[in-house]
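Structure record follows, encoded as structure tokens.
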Amino acid sequence: MGRPRIRLGDDVAWVELAEVEEESWRVTADWSSRLTADFTAYLTTEEVADFAARMLALLRTPSGEDFAERVTPGRNNPLTLRGEPVEDGYAFAVRLTPHGDDAVCQLQLEVDPVGNADLCELFEELRASLAVGR
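Under our numbering, think of the first position of the sequence shown as 695, with each following residue one higher.
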């Protein structure tokens, strides 16, 4: 099994959070190959596992309301997902902050709706991959 990672989106717009090495992650995003982002984020396994657990809790008991979840509440947060309910899943507005919470350097990207069952599977796979070999 490879390193832990999660990718949300389709061929048009997507964002990926992938472990490069211990406590070093890559945040990569693309919109139609016209707008891209690719930067390093220093996150612990525990921070990413906690993010996956919070997302799973939101997805398993959907409120029918919008939500926002940050990878980490610290100044080094590289990624925030804002979910908006759409049919049986969520559309996401992804906010990337390469320099943490720096309001000057950010990118916002919209990702088409993903079904709730598929989202749960993606975050469950991320959580499971974080536990393997640790």
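Cβ coordinates follow ideal geometry from the N, Cα and C atoms, glycine included. Treat the numbers as computed from the prediction; the structure is a model and nothing was measured.
Determine the burial state of residue i: buried for a count of at least 16 other Cβ atoms within 10 Å of its Cβ, exposed for fewer.
{"i": "S757", "result": "exposed"}
{"i": "R828", "result": "In this predicted model, R828 has a pLDDT of only 49, less than 50, meaning its place in the structure is not dependable; the value taken from the coordinates is given anyway. Exposed, because fewer than 16 other Cβ atoms sit within 10 Å of the Cβ of R828."}
{"i": "P772", "result": "buried"}
Could you give the residue range of the beta strand (DSSP E) that holds residue i?
{"i": "S726", "result": "First-last for S726: undefined, no H or E at that position."}
{"i": "A822", "result": "Note, A822: premise wrong, no beta strand (DSSP E); alpha helix (DSSP H) at 810-825."}
Please report the residue range of the alpha helix (DSSP H) in which residue i lies.
{"i": "L711", "result": "First-last for L711: 707-715, but that is the beta strand (DSSP E), not the alpha helix (DSSP H)."}
{"i": "R789", "result": "No alpha helix (DSSP H) holds R789; the beta strand (DSSP E) holding it covers 783-790."}
So for residue i, helix, strand or coil by DSSP?
{"i": "A747", "result": "helix"}
{"i": "A731", "result": "strand"}
{"i": "R754", "result": "helix"}
Considering only residues of the same chain and omitting the five flanking positions on each side of residue i, which have a CB-CB separation below 8 Å?
{"i": "C799", "result": "T791, P792, H793"}
Closer than 6 Å by C-beta to residue i: which residues in its own chain qualify, once you throw out the five before and the five after it? Chain order, please.
{"i": "A712", "result": "R699, R720"}
For this session: Would you be able to state if there are at least three C-beta pairs under 8 Å between the stretch 759-766 and the stretch 736-747?
Result: When Cβ pairs closer than 8 Å are counted between the two stretches, the stretch 736-747 is seen to touch the stretch 759-766, the count reaching three or more.
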